[in-house]
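Report on the structure given below.
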Amino acid sequence: MNILFLEGPNLNLLGLKSSKVNGDRLTLDKLNKHLRRHVRNTNHNLKIFQTHKQFQAINYLQRNRKWSDGNIIIPTTWSICDWSIAETIKIVETPTVTVFFNEPYDLGGKKSVSIFKSKNVTPIKGSPLDVCTEALNILINKK
Numbered sequence: 014m015n016i017l018f019l020e021g022p023n024l025n026l027l028g029l030k031s032s033k034v035n036g037d038r039l040t041l042d043k044l045n046k047h048l049r050r051h052v053r054n055t056n057h058n059l060k061i062f063q064t065h066k067q068f069q070a071i072n073y074l075q076r077n078r079k080w081s082d083g084n085i086i087i088p089t090t091w092s093i094c095d096w097s098i099a100e101t102i103k104i105v106e107t108p109t110v111t112v113f114f115n116e117p118y119d120l121g122g123k124k125s126v127s128i129f130k131s132k133n134v135t136p137i138k139g140s141p142l143d144v145c146t147e148a149l150n151i152l153i154n155k156k
């Protein structure tokens, strides 16, 4: 299974946010390594991309739509204001899991008010490592 992982605005600051709150220093790099370890030695492929820019996110989804069997998106604030990304997800119709972090890791956007809603989208919420692993498992088990 080929899985696209799209990380939205300010996720590169996850380590800064986590160190100010609880001192555990969960960085984006640590999160990405955790995800890669989860699919290592399996027949699953993972492409990870972090951006603040909406047009880059849309290009990433569109250019990889034939390669991808599933998408995982941590939309942060895109989930409340970026209709163009939401529309791309809906049009492409690839199974997609949107991931939202619990406090203290929340970086904007709420599962309850997300505009990322369509028949191919499953929203989930939790602590970063656990919820991202859950997102991978949801897609892997759908296949």
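The numbering of the sequence shown is this note's numbering, which starts it at 14 and goes up by one.
C-beta: ideal position from N, C-alpha, C; glycine also.
The model shown is predicted, which means the values in this text are computed figures rather than measured ones.
Going by DSSP, Leu59 is part of the beta strand (DSSP E) stretching over Asn58 to Gln63. Taking a 10 Å sphere around the C-beta of Cys145, we find 16 or more other C-beta atoms and assign the residue as buried. Per the coordinates, the alpha-carbon of Leu27 lies some 16 Å from the alpha-carbon of Ile61. Taken through DSSP and simplified to helix, strand or coil, Phe68 comes out as helix. Counting the other Cβ atoms within 10 Å of the Cβ of Trp91 gives 16 or more, which makes it buried.
Minimum Cα-Cα distance from Leu17 among the listed residues Lys46, Arg53, Tyr73 and Gly121 corresponds to Tyr73.
Boundaries around Asn15 are those of the beta strand (DSSP E), Asn15 to Glu20, since no alpha helix (DSSP H) includes it.
Comparing alpha carbon positions, the residue from Leu19, Gly21 and Thr40 closest to Lys30 is Thr40.
If the five residues before and after Ser127 are omitted, its C-beta is found closer than 8 Å to the C-beta atoms of Pro88, Ser92, Ile93, Thr111, Phe113 and Pro136, all from its own chain and listed in chain order. Restricting attention to Ser32, Leu19, Val34 and Asn45, the CA atom closest to the CA of Asp143 is found in Asn45.
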